[in-house]
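Data block below; observations after.
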Amino acid sequence: MAETRNAVTGVVTDIQRFSIHDGPGIRTTVFVKGCPLRCFWCHNPEALEPRPQLQYFPDRCIGCGACVDACPEAAHAIHDGIHRFDRSRCTGCGLCVETCYARALLMAGEVKSADEIVEVVLRDTAFYETSGGGVTISGGEPLQQPRFTRAVLAACREAGVHTAIETAGHVAWDHLLTVLPETDLVMMDIKTMHTEAHRKATGVSNERILENARRVSENGTPLIIRTPIVPGVNDTVESIDAIAGFAAGLRSLVTYELLRFHMMAGAKYAALGMACQAAELTPPDDELMARLTAAAARRGIAVTHT
(Lines of atoms letter the chains of each structure in order from A; the text may use other names.)
(Lines give C-alpha, C1' and ligand atoms only; values in the text may rest on other atoms or scores of the structure.)
Protein backbone atom coordinates (compact mmCIF):
# COMPACT_ATOMS: atom_id res chain seq x y z
CA MET A 169 0.00 0.00 0.00
CA ALA A 170 2.71 2.52 1.03
CA GLU A 171 4.73 1.77 -2.08
CA THR A 172 1.66 2.34 -4.26
CA ARG A 173 0.92 5.68 -2.62
CA ASN A 174 4.52 6.72 -2.97
CA ALA A 175 4.15 6.25 -6.72
CA VAL A 176 1.11 8.56 -6.83
CA THR A 177 2.23 12.17 -7.12
CA GLY A 178 0.55 15.55 -7.39
CA VAL A 179 1.52 19.21 -7.69
CA VAL A 180 0.99 21.00 -4.38
CA THR A 181 1.37 24.70 -3.57
CA ASP A 182 1.19 24.49 0.22
CA ILE A 183 0.48 22.28 3.22
CA GLN A 184 -1.10 24.42 5.92
CA ARG A 185 -1.15 22.92 9.39
CA PHE A 186 -3.40 24.11 12.24
CA SER A 187 -6.00 25.51 9.87
CA ILE A 188 -9.39 26.46 11.36
CA HIS A 189 -11.19 27.77 8.27
CA ASP A 190 -11.30 24.71 6.00
CA GLY A 191 -13.78 22.47 7.76
CA PRO A 192 -14.56 21.44 11.34
CA GLY A 193 -11.94 21.50 14.07
CA ILE A 194 -8.20 21.91 13.65
CA ARG A 195 -7.16 20.69 10.22
CA THR A 196 -4.25 20.28 7.86
CA THR A 197 -5.16 21.78 4.49
CA VAL A 198 -3.38 20.59 1.36
CA PHE A 199 -3.55 23.01 -1.57
CA VAL A 200 -3.20 21.36 -4.96
CA LYS A 201 -2.56 23.11 -8.27
CA GLY A 202 -4.91 23.53 -11.20
CA CYS A 203 -8.44 24.95 -11.48
CA PRO A 204 -10.96 25.03 -14.35
CA LEU A 205 -12.52 28.28 -13.10
CA ARG A 206 -11.15 31.79 -13.47
CA CYS A 207 -12.98 33.69 -10.74
CA PHE A 208 -11.76 37.27 -11.06
CA TRP A 209 -11.50 37.57 -7.26
CA CYS A 210 -9.52 34.36 -6.70
CA HIS A 211 -7.37 34.59 -3.57
CA ASN A 212 -5.16 31.63 -4.56
CA PRO A 213 -3.92 32.67 -8.02
CA GLU A 214 -0.80 30.56 -7.55
CA ALA A 215 -3.05 27.48 -7.67
CA LEU A 216 -4.80 28.23 -10.98
CA GLU A 217 -2.31 26.72 -13.41
CA PRO A 218 -1.51 22.99 -13.07
CA ARG A 219 2.24 23.37 -13.58
CA PRO A 220 4.80 24.81 -11.13
CA GLN A 221 5.36 28.55 -11.65
CA LEU A 222 8.07 30.99 -10.65
CA GLN A 223 7.09 33.83 -8.32
CA TYR A 224 9.23 36.96 -8.21
CA PHE A 225 9.02 39.38 -5.25
CA PRO A 226 11.11 42.43 -6.29
CA ASP A 227 10.95 44.06 -2.85
CA ARG A 228 13.02 41.17 -1.45
CA CYS A 229 15.68 41.19 -4.17
CA ILE A 230 19.18 42.23 -3.07
CA GLY A 231 20.57 42.33 -6.62
CA CYS A 232 23.25 39.71 -6.02
CA GLY A 233 22.96 38.29 -9.54
CA ALA A 234 23.16 34.63 -8.50
CA CYS A 235 19.98 33.90 -10.46
CA VAL A 236 21.56 35.32 -13.62
CA ASP A 237 24.32 32.72 -13.48
CA ALA A 238 21.91 29.91 -12.58
CA CYS A 239 19.27 30.44 -15.28
CA PRO A 240 19.89 28.44 -18.49
CA GLU A 241 17.30 30.49 -20.39
CA ALA A 242 18.69 33.98 -19.60
CA ALA A 243 15.39 34.96 -18.01
CA HIS A 244 17.21 37.01 -15.35
CA ALA A 245 19.46 40.02 -15.84
CA ILE A 246 20.93 42.82 -13.74
CA HIS A 247 20.85 46.28 -15.37
CA ASP A 248 22.19 49.28 -13.48
CA GLY A 249 21.97 47.29 -10.27
CA ILE A 250 18.31 46.40 -10.84
CA HIS A 251 17.09 42.86 -11.36
CA ARG A 252 15.02 42.29 -14.52
CA PHE A 253 12.96 39.15 -14.99
CA ASP A 254 11.71 38.12 -18.44
CA ARG A 255 8.86 35.72 -17.62
CA SER A 256 8.44 34.78 -21.29
CA ARG A 257 11.81 33.01 -21.15
CA CYS A 258 11.14 31.13 -17.92
CA THR A 259 10.55 27.37 -18.17
CA GLY A 260 9.94 26.88 -14.45
CA CYS A 261 13.01 24.73 -13.89
CA GLY A 262 13.57 26.29 -10.45
CA LEU A 263 17.37 26.47 -10.65
CA CYS A 264 17.32 30.17 -9.85
CA VAL A 265 15.23 29.55 -6.74
CA GLU A 266 17.96 27.34 -5.31
CA THR A 267 20.42 30.25 -5.45
CA CYS A 268 18.11 32.99 -4.12
CA TYR A 269 18.87 33.24 -0.43
CA ALA A 270 16.81 36.44 -0.15
CA ARG A 271 13.71 34.43 -1.17
CA ALA A 272 12.83 36.92 -3.89
CA LEU A 273 12.31 33.91 -6.17
CA LEU A 274 10.01 31.12 -5.06
CA MET A 275 8.30 28.24 -6.84
CA ALA A 276 4.53 28.05 -6.67
CA GLY A 277 3.97 24.33 -6.89
CA GLU A 278 6.04 21.29 -6.01
CA VAL A 279 5.63 17.66 -6.97
CA LYS A 280 4.87 15.56 -3.88
CA SER A 281 3.99 11.93 -3.41
CA ALA A 282 0.81 10.98 -1.56
CA ASP A 283 2.97 9.37 1.13
CA GLU A 284 4.87 12.63 1.69
CA ILE A 285 1.58 14.47 2.24
CA VAL A 286 0.19 11.81 4.57
CA GLU A 287 3.36 11.87 6.67
CA VAL A 288 2.81 15.59 7.34
CA VAL A 289 -0.92 15.19 8.00
CA LEU A 290 -0.44 12.45 10.58
CA ARG A 291 1.91 14.58 12.69
CA ASP A 292 -1.12 16.37 14.15
CA THR A 293 -3.42 13.42 14.85
CA ALA A 294 -3.73 14.41 18.52
CA PHE A 295 -5.13 17.82 17.55
CA TYR A 296 -7.66 16.28 15.19
CA GLU A 297 -8.87 13.94 17.90
CA THR A 298 -9.39 16.67 20.49
CA SER A 299 -10.96 19.22 18.12
CA GLY A 300 -12.93 17.04 15.73
CA GLY A 301 -10.63 18.09 12.90
CA GLY A 302 -8.81 16.29 10.13
CA VAL A 303 -7.41 16.80 6.66
CA THR A 304 -8.86 18.95 3.87
CA ILE A 305 -7.74 18.82 0.24
CA SER A 306 -8.24 22.22 -1.34
CA GLY A 307 -6.77 24.19 -4.22
CA GLY A 308 -7.06 25.17 -6.91
CA GLU A 309 -9.38 22.29 -7.53
CA PRO A 310 -8.48 18.98 -5.86
CA LEU A 311 -10.54 17.04 -8.40
CA GLN A 312 -8.21 18.21 -11.16
CA GLN A 313 -5.88 15.64 -9.60
CA PRO A 314 -8.40 12.93 -8.60
CA ARG A 315 -5.96 10.01 -8.33
CA PHE A 316 -3.61 11.94 -6.05
CA THR A 317 -6.46 13.36 -3.98
CA ARG A 318 -8.01 9.92 -3.51
CA ALA A 319 -4.67 8.39 -2.49
CA VAL A 320 -4.14 11.03 0.22
CA LEU A 321 -7.73 10.81 1.50
CA ALA A 322 -7.71 7.01 1.54
CA ALA A 323 -4.49 6.82 3.57
CA CYS A 324 -5.69 9.44 6.05
CA ARG A 325 -9.06 7.77 6.47
CA GLU A 326 -7.33 4.44 6.98
CA ALA A 327 -5.42 6.10 9.83
CA GLY A 328 -8.67 7.31 11.41
CA VAL A 329 -8.41 10.93 10.25
CA HIS A 330 -11.56 12.81 9.18
CA THR A 331 -11.34 13.69 5.48
CA ALA A 332 -12.78 16.60 3.49
CA ILE A 333 -12.45 18.28 0.12
CA GLU A 334 -13.09 21.86 -0.94
CA THR A 335 -14.30 21.89 -4.53
CA ALA A 336 -15.79 24.34 -7.01
CA GLY A 337 -17.71 21.38 -8.42
CA HIS A 338 -16.99 22.07 -12.10
CA VAL A 339 -15.53 18.63 -12.75
CA ALA A 340 -16.57 15.37 -14.36
CA TRP A 341 -18.83 13.32 -12.10
CA ASP A 342 -16.41 10.40 -12.46
CA HIS A 343 -13.75 12.50 -10.72
CA LEU A 344 -16.05 13.14 -7.79
CA LEU A 345 -17.14 9.54 -7.69
CA THR A 346 -13.47 8.54 -7.48
CA VAL A 347 -12.95 10.34 -4.17
CA LEU A 348 -16.37 10.18 -2.48
CA PRO A 349 -15.80 6.73 -0.91
CA GLU A 350 -12.81 8.19 0.96
CA THR A 351 -14.44 11.55 1.81
CA ASP A 352 -16.29 12.31 5.04
CA LEU A 353 -17.30 15.85 4.02
CA VAL A 354 -17.63 17.78 0.77
CA MET A 355 -17.47 21.59 0.83
CA MET A 356 -18.71 22.96 -2.49
CA ASP A 357 -18.91 26.54 -3.73
CA ILE A 358 -22.01 27.92 -5.41
CA LYS A 359 -21.38 31.49 -6.49
CA THR A 360 -24.72 32.27 -8.13
CA MET A 361 -27.76 30.47 -9.51
CA HIS A 362 -27.76 32.59 -12.66
CA THR A 363 -25.94 30.78 -15.46
CA GLU A 364 -24.80 33.79 -17.46
CA ALA A 365 -23.74 35.73 -14.37
CA HIS A 366 -21.74 32.70 -13.30
CA ARG A 367 -20.10 32.43 -16.69
CA LYS A 368 -19.19 36.12 -16.66
CA ALA A 369 -17.69 35.95 -13.16
CA THR A 370 -15.89 32.62 -13.39
CA GLY A 371 -15.50 31.78 -17.07
CA VAL A 372 -17.72 28.67 -16.87
CA SER A 373 -21.39 27.77 -16.59
CA ASN A 374 -22.84 26.69 -13.24
CA GLU A 375 -24.88 23.80 -14.69
CA ARG A 376 -22.34 21.06 -13.96
CA ILE A 377 -21.72 22.47 -10.48
CA LEU A 378 -25.40 22.37 -9.54
CA GLU A 379 -25.82 18.87 -10.94
CA ASN A 380 -22.78 17.63 -9.03
CA ALA A 381 -24.12 19.16 -5.80
CA ARG A 382 -27.38 17.26 -6.30
CA ARG A 383 -25.55 14.01 -7.01
CA VAL A 384 -23.24 14.34 -3.99
CA SER A 385 -26.32 14.87 -1.83
CA GLU A 386 -28.09 11.88 -3.37
CA ASN A 387 -24.97 9.85 -2.60
CA GLY A 388 -25.49 10.74 1.06
CA THR A 389 -22.11 12.39 1.62
CA PRO A 390 -22.35 15.26 4.15
CA LEU A 391 -22.28 18.51 2.18
CA ILE A 392 -21.51 22.11 3.09
CA ILE A 393 -22.49 24.69 0.47
CA ARG A 394 -20.38 27.84 0.48
CA THR A 395 -20.81 31.21 -1.21
CA PRO A 396 -18.06 33.84 -1.27
CA ILE A 397 -19.92 37.17 -1.07
CA VAL A 398 -18.39 39.22 -3.88
CA PRO A 399 -19.49 42.80 -4.59
CA GLY A 400 -21.37 43.04 -7.86
CA VAL A 401 -21.62 39.27 -8.25
CA ASN A 402 -23.94 37.95 -5.53
CA ASP A 403 -24.11 40.51 -2.70
CA THR A 404 -27.92 40.86 -2.76
CA VAL A 405 -30.69 39.26 -0.75
CA GLU A 406 -32.25 37.95 -3.96
CA SER A 407 -29.05 36.18 -5.05
CA ILE A 408 -28.40 34.57 -1.68
CA ASP A 409 -32.05 33.58 -1.25
CA ALA A 410 -31.90 31.73 -4.58
CA ILE A 411 -28.78 29.78 -3.56
CA ALA A 412 -30.22 29.04 -0.11
CA GLY A 413 -33.40 27.75 -1.76
CA PHE A 414 -31.34 25.36 -3.84
CA ALA A 415 -29.27 24.30 -0.81
CA ALA A 416 -32.44 23.62 1.18
CA GLY A 417 -33.32 20.90 -1.32
CA LEU A 418 -30.07 18.98 -0.73
CA ARG A 419 -30.85 16.17 1.68
CA SER A 420 -27.30 15.72 2.96
CA LEU A 421 -26.76 19.46 3.58
CA VAL A 422 -24.97 20.16 6.85
CA THR A 423 -24.88 23.95 6.67
CA TYR A 424 -24.73 26.88 4.29
CA GLU A 425 -21.71 29.16 4.76
CA LEU A 426 -21.41 32.74 3.55
CA LEU A 427 -17.77 33.73 3.16
CA ARG A 428 -16.88 37.40 3.21
CA PHE A 429 -14.83 38.41 0.16
CA HIS A 430 -11.38 39.73 0.98
CA MET A 431 -8.51 40.80 -1.21
CA MET A 432 -5.25 39.85 0.47
CA ALA A 433 -3.67 38.21 -2.57
CA GLY A 434 -2.44 41.30 -4.40
CA ALA A 435 1.22 40.45 -3.83
CA LYS A 436 0.67 36.93 -5.20
CA TYR A 437 -0.76 38.30 -8.44
CA ALA A 438 2.18 40.68 -8.87
CA ALA A 439 4.69 37.93 -8.13
CA LEU A 440 3.13 35.79 -10.88
CA GLY A 441 3.01 38.65 -13.39
CA MET A 442 -0.81 38.64 -13.29
CA ALA A 443 -3.27 41.52 -13.07
CA CYS A 444 -5.52 41.56 -10.00
CA GLN A 445 -9.00 42.41 -11.30
CA ALA A 446 -10.59 42.62 -7.84
CA ALA A 447 -8.08 44.99 -6.28
CA GLU A 448 -10.58 47.86 -6.01
CA LEU A 449 -13.45 45.87 -4.50
CA THR A 450 -14.50 46.59 -0.92
CA PRO A 451 -15.30 43.64 1.37
CA PRO A 452 -18.95 43.47 2.48
CA ASP A 453 -19.57 45.03 5.89
CA ASP A 454 -21.04 43.35 8.96
CA GLU A 455 -24.52 44.76 8.36
CA LEU A 456 -24.73 43.31 4.85
CA MET A 457 -23.37 39.91 5.96
CA ALA A 458 -25.97 39.78 8.73
CA ARG A 459 -28.75 40.69 6.29
CA LEU A 460 -27.69 38.02 3.79
CA THR A 461 -27.37 35.43 6.55
CA ALA A 462 -30.88 36.19 7.79
CA ALA A 463 -32.25 35.90 4.27
CA ALA A 464 -30.65 32.49 3.80
CA ALA A 465 -31.82 31.26 7.22
CA ARG A 466 -35.43 31.98 6.27
CA ARG A 467 -35.15 28.94 4.00
CA GLY A 468 -35.05 26.80 7.15
CA ILE A 469 -31.39 25.73 6.93
CA ALA A 470 -28.40 26.22 9.21
CA VAL A 471 -26.41 29.26 8.06
CA THR A 472 -23.08 30.70 9.19
CA HIS A 473 -20.96 33.57 7.95
CA THR A 474 -17.41 34.83 8.35
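The opening residue of the sequence shown carries number 169 in my numbering; numbering runs sequentially from there.
For every residue, glycine included, the Cβ atom is placed at its ideal position computed from N, Cα and C.
query	result
Look at the alpha carbon of E455 and the alpha carbon of I469, and state the distance between them as a whole number of angstroms.	20 Å
Looking only at its chain, what residues have a beta carbon closer than 6 Å to the beta carbon of H473, apart from the 5 residues adjacent to it on each side?	L426, M457 and T461
Give the secondary structure of D352 by DSSP, where H, G and I count as helix, E and B as strand, and everything else as coil.	coil
Would you report the Cα separation of F208 and A369, rounded to the nearest angstrom?	6 Å
Tell me the rounded alpha-carbon separation between E171 and L321.	Any reading at E171 must be qualified, since the residue scores a pLDDT of 45, below 50, and its modelled position is unreliable; the value itself is stated next. The alpha-carbon atoms of E171 and L321 are separated by roughly 16 Å.
Rounded to whole angstroms, what's the CA-CA distance from G400 to M431? Just pull it up for me.	15 Å
Where does S306 sit, in a helix, a strand or coil, going by DSSP?	strand
Buried or exposed for Q223, going by 16 or more other Cβ atoms inside 10 Å?	buried
Determine the burial state of Y424: buried for a count of at least 16 other Cβ atoms within 10 Å of its Cβ, exposed for fewer.	buried
In whole angstroms, give me the CA-to-CA distance for H189 and V200.	17 Å
Taking C-alpha atoms, which residue in A340, R228, C203 and I194 lies nearest to C268?	R228
Need the endpoints of the alpha helix (DSSP H) that S281 sits in, please.	Premise fails: S281 lies in the beta strand (DSSP E), E278 to S281, not in any alpha helix (DSSP H).
So the candidates are A465, D283, Q184 and Q445; which of them puts its Cα closest to the Cα of G413?	A465
Using the beta-carbon count (16 or more within 10 Å), is Q445 buried or exposed?	exposed
Would you say A336 and L205 are within 7 Å of each other, going by their C-beta atoms?	yes
Any contact between the segment 259–278 and the segment 312–328? By contact I mean 3 or more CB pairs, one from each, below 8 Å.	no
Excluding five sequence neighbours on each side, which residues of the same chain lie with their C-beta closer than 8 Å to the C-beta of I358?	G337, N374, I377, L378, A381, I393, R394, T395, I411, F414 and A415
Indicate the three-state DSSP secondary structure (helix, strand or coil) for Y296 in the structure shown.	helix
Can you tell me which of the three DSSP states D342 falls into?	helix
Rounded to a whole number of angstroms, what is the C-alpha to C-alpha distance between I113 and V198?	This structure does not reach residue 113, given that the chain is present from 169 up to 474, and the question cannot be answered.
Considering A245, what are the terminal residues of the beta strand (DSSP E) in which it resides?	H244 to H247
For R252 versus A243, is the C-beta spacing smaller than 7 Å?	no
How would you call Q340, buried or exposed, if buried means at least 16 neighbouring beta carbons within 10 angstroms?	It is worth fixing the name first, because residue 340 is Ala in this sequence and not Gln. When all chains shown are included, A340 counts as exposed.
Using the three-state DSSP reduction, which class does T450 fall into: helix, strand or coil?	coil
Can you check whether the CB of A175 is closer than 7 Å to the CB of G307?	no
Is the beta carbon of G302 less than 7 Å from the beta carbon of H343?	no
State the Cα-Cα distance for the pair A447 and R419, rounded to the nearest angstrom.	38 Å
Ignoring anything shorter than 3 residues, give me the beta strand (DSSP E) runs that lie fully in the segment 179–223, in order along the chain.	195–200
Buried or exposed for G231, please, with buried defined as at least 16 other CB atoms from any protein chain shown within 10 angstroms of its CB.	exposed
For the segment 232–271, which segments carrying the alpha helix (DSSP H) assignment without a break, of at least 4 residues, lie completely within its bounds, in sequence order?	234–238 and 263–267
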